[in-house]
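Asker: Same order as they appear, the protein sequences are chains W and U.
Add 177 to a position in the first sequence, counting from 1, and you land on the number used in my numbering.
Add 51 to a position in the second sequence, counting from 1, and you land on the number used in my numbering.
The beta carbon of each residue, even a glycine, is placed where N, CA and C say it ideally should be.
Bear in mind that the values here come from a model prediction, so they are computed numbers and not experimental data.
Quick one: this structure, given as structure tokens, is what I'll be asking you about.
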Amino acid sequence: GENVEQHPSTLSVQEGDSAVIKCTYSDSASNYFPWYKQELGKRPQLIIDIRSNVGEKKDQRIAVTLNKTAKHFSLHITETQPEDSAVYFCAAKDWGNEKLTFGTGTRLTIIP
Amino acid sequence: DAGITQSPRHKVTETGTPVTLRCHQTENHRYMYWYRQDPGHGLRLIHYSYGVKDTDKGEVSDGYSVSRSKTEDFLLTLESATSSQTSVYFCAIRAGQGAGELFFGEGSRLTVL
């Protein structure tokens, strides 16, 4: 089955700086890569996703890049703000499969 | 919240007792999922359903069973709870064939003593 590794497990950045979280996946059949954000005590929520027919997708301060050859994808958050503090999870799956495999999460702390 | 409610939200039980968690949705979605969340493991799929009476196993299904007798309810049962099943359990739905996003419920925290 799919295996998703996520790094780093914790990340602290100064407010206004950029944050990058990286994930690798093992199954070359995977073609859908979402990112979820989970605030303390809350449910995970989708913030951005990418399918393998594109290499990059951007939504305001958030972007995701995908390198299919190397089997890795990354989340980039620019101009970080205190409300970006949360745990972020990457995930991967084959679009035709119901089994979405998550990474182990990155706790991002924005330092005011 | 995509019309998802989980119950109970918190439960403390003893080893060996049966436990059932309920996920209820109001929007007639076909796909429903049960995940567990543990520190250092992220979210792991237990079971999922793609219709009434249609279910399949996820990556950590041992010790768990599910049932879906009607579209709106997806039940997760621990036949004989163990301490290793202490976790936060999230139900999720997927809106349809062309949608990738999972909408999660608020979670159910289960403690097995």
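Could you work out which residues of chain W lie near residue 125 (chain U), taking near to mean beta carbons separated by less than 8 Å?
Answerer: Looking up residue 125 (chain U) in the second sequence gives position 74. Within chain W, no residue comes near residue 125 (chain U); the closest Cβ sits about 13 Å away, beyond 8 Å.
Asker: Anything in the segment 222–253 of chain W with a Cβ closer than 7 Å to a Cβ of chain U? List those residues in chain order, please.
Answerer: 223 and 226
Asker: Here's a check: name, in chain order, each residue in its chain whose Cβ is nearer than 6 Å to the Cβ of residue 277 (chain W), leaving out the five neighbours to either side.
Answerer: In the first sequence, the residue the question calls residue 277 (chain W) occupies position 100. Only 268 and 270 meet the Cβ criterion.
Asker: Which value, in whole angstroms, describes the spacing of the CA atoms of residue 283 (chain W) and residue 181 (chain W)?
Answerer: Position 106 of the first sequence holds residue 283 (chain W). Position 4 of the first sequence holds residue 181 (chain W). Each residue's alpha carbon lies about 13 Å from the other.
Asker: Using a C-beta to C-beta distance shorter than 8 Å, which residues of chain W count as neighbours of residue 75 (chain U)?
Answerer: Taking the first residue of the second sequence as position 1, residue 75 (chain U) is located at position 24. The premise fails here: residue 75 (chain U) is roughly 15 Å from chain W at the closest Cβ pair, so nothing lies under 8 Å.
Asker: Between the C-alpha atoms of residue 164 (chain U) and residue 132 (chain U), what's the straight-line distance to the nearest angstrom?
Answerer: By one-based count along the second sequence, residue 164 (chain U) stands at place 113. By one-based count along the second sequence, residue 132 (chain U) stands at place 81. Cα to Cα, residue 164 (chain U) sits roughly 9 Å from residue 132 (chain U).
Asker: Using 8 Å as the threshold, is the segment 79–93 of chain U in touch with the segment 142–161 of chain U, meaning 3 or more CB pairs across them?
Answerer: Contact between the segment 79–93 of chain U and the segment 142–161 of chain U is present, because at least three Cβ pairs lie under 8 Å.
Asker: So, under 8 Å CB-CB, residue 257 (chain W) and residue 287 (chain W) are touching, yes? Tell me the CB distance rounded to an integer number of Å.
Answerer: To locate residue 257 (chain W), count along the first sequence from 1; it is residue 80. To locate residue 287 (chain W), count along the first sequence from 1; it is residue 110. Confirmed, Cβ separation roughly 5 Å.
Asker: Taking the alpha-carbon positions, what's the residue 103 (chain U) to residue 74 (chain U) distance?
Answerer: One-based indexing of the second sequence puts residue 103 (chain U) at position 52. One-based indexing of the second sequence puts residue 74 (chain U) at position 23. Their Cα atoms are separated by approximately 14 Å.
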